[in-house]
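Below is one structure, written out as structure tokens; the observations come after it.
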Amino acid sequence: VKKSMALPRSVMTVAAVKLASQFAAVAPYTGRSLYALDRWNLSKKDVAFLASFKSVVGVLASWFLAPRLARRFEFWTVIVVVGLVFLFSDLVEAVPGAKLFQCESDTVFIDKVCADPSLFVYAVFLFPLNAAAAQVGGIAIRAKFTEVVPASQTAAALASLASVVVADDPAR
């Protein structure tokens, strides 16, 4: 008896959502570090600091935010909200910075924030919001994928899902 290698429709749907969400998220963020370096004249050290901060936010979102959202909301609600968070963040970030306040500091990074308050909005609100949304979205998609895949094929299916997309985090 020959076994069929065709995947169930539910597995294909989740894989298609993963591909579409990753394409939509990764495409605009491909040059994120270069963008931050250029827009706010950040140093490589500043970008490395933001990347470390993003990692911490991602871990905290995995531990505290994702489980609570998974218990309270349906899969598609979480995915739509994650998409809306990315859209909101990109729209807010597109607003040019203006000198809204005056401040002085001995720290180069804080001086940059004083010169362009949009860096403050990005570093304190949008960057962690995107990191948390990316983590929650990724967890939700992987969780849904494990639900719809037969138990005997879970390991192979998750390996396939991971290999479909090189970057699991669009902010990289």
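In our numbering, the protein residues as written are 78 to 249. Where a beta carbon is used, it is the ideal one built from N, C-alpha and C, also for glycine. These figures come from a predicted structure and were not determined experimentally.
query: In terms of residue numbering, what span does the alpha helix (DSSP H) encompassing Trp-153 cover?
result: That run of the alpha helix (DSSP H) goes 152-171.
- request: Compute the Euclidean distance between the alpha carbons of Ser-129 and Gln-212, then round it to the nearest angstrom.
  value: Straight-line Cα distance between these residues: approximately 15 angstroms.
- request: Alpha carbon to alpha carbon, how far is Ser-87 from Asp-123? Give it in angstroms, no decimals.
  value: Asp-123 and Ser-87 have their alpha carbons spaced roughly 43 angstroms apart.
query: Can you name, in chain order, every residue of its own chain whose Cβ lies under 6 angstroms from the Cβ of Val-243, other than the five neighbours on each side?
result: With a pLDDT of 43 at Val-243, under the threshold of 50, the predicted position of this residue should be treated as unreliable, and no value is reported.
Under 8 angstroms between C-beta atoms of Val-134 and Ala-217: With respect to Ala-217, Val-134 sits apart: the two C-beta atoms are not nearer than 8 angstroms.
message: Helix, strand or coil, according to DSSP, for Ser-120 in the structure here?
response: Taken through DSSP and simplified to helix, strand or coil, Ser-120 comes out as coil.
- prompt: Taking 8 angstroms as the CB-CB cut-off, is Leu-203 touching chain E?
  reply: In the displayed structure, chain E is absent; only one protein chain is listed.
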